[in-house]
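Residue numbers (my numbering): 10 to 293.
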């Protein structure tokens, strides 16, 4: 814990006058009943308290730095126009790569496998990634948490409930910037020897960087978005587990994914989307 944070002496929660002033402004806005971003305090877990500055810029109480945060709700509306079946994109069999020990589609979970009416693609993608690391790669950090029940659904629900809560999913969807909190909720803080991630930034023209990371036999939590007037915030979004790649006869490169909609792998084309990013997830 940083010096002075939640202490009884010194600056208490706020180590700087700037942070204290921002907090005071936030409280006044809330008391005045203003329907304004200034009436919001963002809390995303331990040492993750942020105060609004302007737009997507927030002030971190703990690091005393301004950061960019995604605070939009991700409703996971259909983006299946850019996700294709094998035959549709004429995949060349000799170009297909899949990460180590990846099983058949029956080993993975779809959005309608969960009886929660608020099921969202973000926790489903995270459930599939953690299920892969535990069941297909034998990671004890996951197996010890999901139990040894002969009821497979009961075991996978132990993952799903945790990541669902971690990403803050509700009937509206999931908060875009909360994806990593699902993994933190289930496995604990990253970088402690249990798990870690690598951020893969937005790309719109090629997937070579993603292919390179998949060659390391780690799945990717893939996020795609397309601009659309049909969505309330102007975007249609989807999350999926990327587990490989392939090339078509055109030729065009595609990512191989479990998209939460079909019980077999499908292919994602970068050219269909305005925003294409992800997290490479590694578990010890």
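From the three backbone atoms N, C-alpha and C, an ideal C-beta is built for every residue, glycine too.
Buried or exposed by the 16-neighbour rule on C-beta atoms within 10 Å, applied to residue i
i           : result
residue 133 : buried
residue 136 : buried
residue 113 : exposed
residue 259 : exposed
residue 263 : buried
residue 268 : buried
residue 273 : exposed
residue 248 : buried
residue 83  : Confidence at residue 83 is low in this model, with a pLDDT of 43, below 50, so its placement is unreliable and the value that follows should be read with caution. When all chains shown are included, residue 83 counts as buried.
residue 171 : buried
residue 161 : exposed
residue 76  : exposed
residue 292 : buried
Residue i, DSSP secondary structure in three states
i           : result
residue 137 : helix
residue 129 : coil
residue 59  : strand
residue 144 : helix
residue 290 : strand
residue 285 : strand
residue 253 : strand
residue 163 : helix
residue 270 : coil
residue 11  : Caution applies to residue 11, whose pLDDT of 33 falls short of 50 and renders its modelled position unreliable; the value that the coordinates give is listed next. DSSP places residue 11 in coil when its eight states are reduced to three.
residue 276 : strand
residue 205 : strand
residue 234 : strand
residue 105 : coil
residue 113 : coil
residue 216 : coil
residue 71  : coil
residue 95  : coil
residue 8   : This structure leaves residue 8 out entirely; the chain is present only between 10 and 293.
residue 150 : helix
residue 76  : strand
residue 195 : helix
Expected contact under 8 Å - CB spacing of residue i and residue j to nearest Å
i           : j           : result
residue 123 : residue 192 : Not really, about 18 Å apart at Cβ, beyond 8 Å.
residue 206 : residue 289 : 6 Å
residue 251 : residue 228 : 6 Å
residue 232 : residue 286 : 5 Å
residue 92  : residue 276 : 7 Å
Near the ligand PLP: residue i beta-carbon under 7 Å from a heavy atom
i          : result
residue 70 : For the ligand PLP, the structure offers nothing, since it holds no ligand at all.
Give a yes or no on contact between the stretch 219-238 and the stretch 99-113, applying the rule of three or more CB pairs nearer than 8 Å.
-> yes
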